[in-house]
Every structure is written in C-alpha cells, then in structure tokens.
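S.K.:
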Amino acid sequence: MSINVSEVIWTIICFFALLFVLKKFLFDPLIKFMDQRQAGIDAGLEKGREAQRKKEENAAALRESWKERSAEAKQLIAEGKAADEEERSRVLEAAHAQAARDIQDAHGRIQNEQERLRAQAQEQMPQLVDALTRHLVGGDPGSREEK
Numbered sequence: 001m002s003i004n005v006s007e008v009i010w011t012i013i014c015f016f017a018l019l020f021v022l023k024k025f026l027f028d029p030l031i032k033f034m035d036q037r038q039a040g041i042d043a044g045l046e047k048g049r050e051a052q053r054k055k056e057e058n059a060a061a062l063r064e065s066w067k068e069r070s071a072e073a074k075q076l077i078a079e080g081k082a083a084d085e086e087e088r089s090r091v092l093e094a095a096h097a098q099a100a101r102d103i104q105d106a107h108g109r110i111q112n113e114q115e116r117l118r119a120q121a122q123e124q125m126p127q128l129v130d131a132l133t134r135h136l137v138g139g140d141p142g143s144r145e146e147k
C-alpha cells in the first residue's frame, strides 16, 4: 500500500469542492432560513412582551380609573347623604314649626271658646239664678207637678 500523492490532492480538492457546494447550496440557505426563523421568533417574543406591557398599562389605567370612579362615587354618596340630611332637617324643622303653629292656634281657639262660654254663662246667670230661686221658693208651678 502506497500513498498516491495525486489521489490525496484530488481527494482534498474534491473535499473542498464538496464543502464549497454544500456551503453554497445547503449551509448558507439553511443558516439563512434559521436566521429568518429566529428573527420571526424574536419578533413574536417582542410582540408578546409589548402586548404584555400594554396589558399591564391598561390594567394599571383601569385600576386607577376604578379608584377615581370609586372616589367619585363615595363623594357623590356623601354629598347625597349630606343633602338628604339637610332636607330631612329642613322638613323636620318645618314640621315642628307647623306643629307649634297648630298647637298655638288650637290654644287660641280653646281660649276663645272658653271666653265665649264664660260670657254666655254670665249672660244666662241672672236667668238661671231667677229660675233656681223660683224653684226653691216654690214659685214654679210646673216643678211641683213633676215631684
């Protein structure tokens, strides 16, 4: 067995030619395809990160909006309660004032009725005294028949 130098050189040349052809037609397109795929994956990951960031921003904005709306709702409720309490106080005050006027009016009518009855009693007093005197003295013929 002898080593033929020309065969070794042709083997080396064929090897490098095959390597060149494989690089040109297989490895370069394969590497280009892999790079494109990696770029697509990276772009997808970046879109995912961007979507996640937007989601977090929107969630934060939503939480902030909820806090603001909650604060506004609490303020409106407090204002409503204050207005209700004020209206309630005003209505109660008006009712108490009306009740006081009604009581005062009733006292005035009672007083007038008492004065009218006293005046009427004073007007009829002489007649009643006269009738009672006649009855006791016996001057009333109708009262004897009743006994």
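For the sequence shown, counting from 1, position 145 maps to 145 in the UniProt record's numbering; every step adds exactly one.
Glycine residues also receive a C-beta, built at the ideal position from the N, C-alpha and C atoms.
Everything numeric in this text was worked out from a predicted model, so none of it was measured.
1) Going straight from the alpha carbon of residue 201 to that of G48, what length do you get?
2) Do you know offhand how far K74's Cα is from E87's?
3) Can you grab the Cα-Cα spacing for the pair L117 / I103, in whole Å?
4) Go through its chain and collect everything with a Cβ distance to D84's Cβ below 7 Å, but skip five positions before and after it.
5) If we require 4 or more residues per run, which alpha helix (DSSP H) segments fall completely within the UniProt region "Disordered" (87-147)?
M.R.: Well, looking at it:
1) Given a span of 1 to 147 for the chain in the structure shown, any question on residue 201 remains unanswerable.
2) The residue given as residue 74 occupies position 74 in the sequence shown. The residue given as residue 87 occupies position 87 in the sequence shown. When the Cα atoms are used, K74 and E87 turn out to be separated by approximately 19 Å.
3) Numbered from its first residue, the sequence shown carries residue 117 at position 117. Numbered from its first residue, the sequence shown carries residue 103 at position 103. Between the C-alpha atoms of L117 and I103 there is a straight-line separation of about 21 Å.
4) Here residue 84 refers to the residue found at position 84 of the sequence shown. So no residue of the chain qualifies.
5) For the UniProt region "Disordered" (87-147), whole alpha helix (DSSP H) runs of length 4 or above, ordered along the chain, are 141-146.
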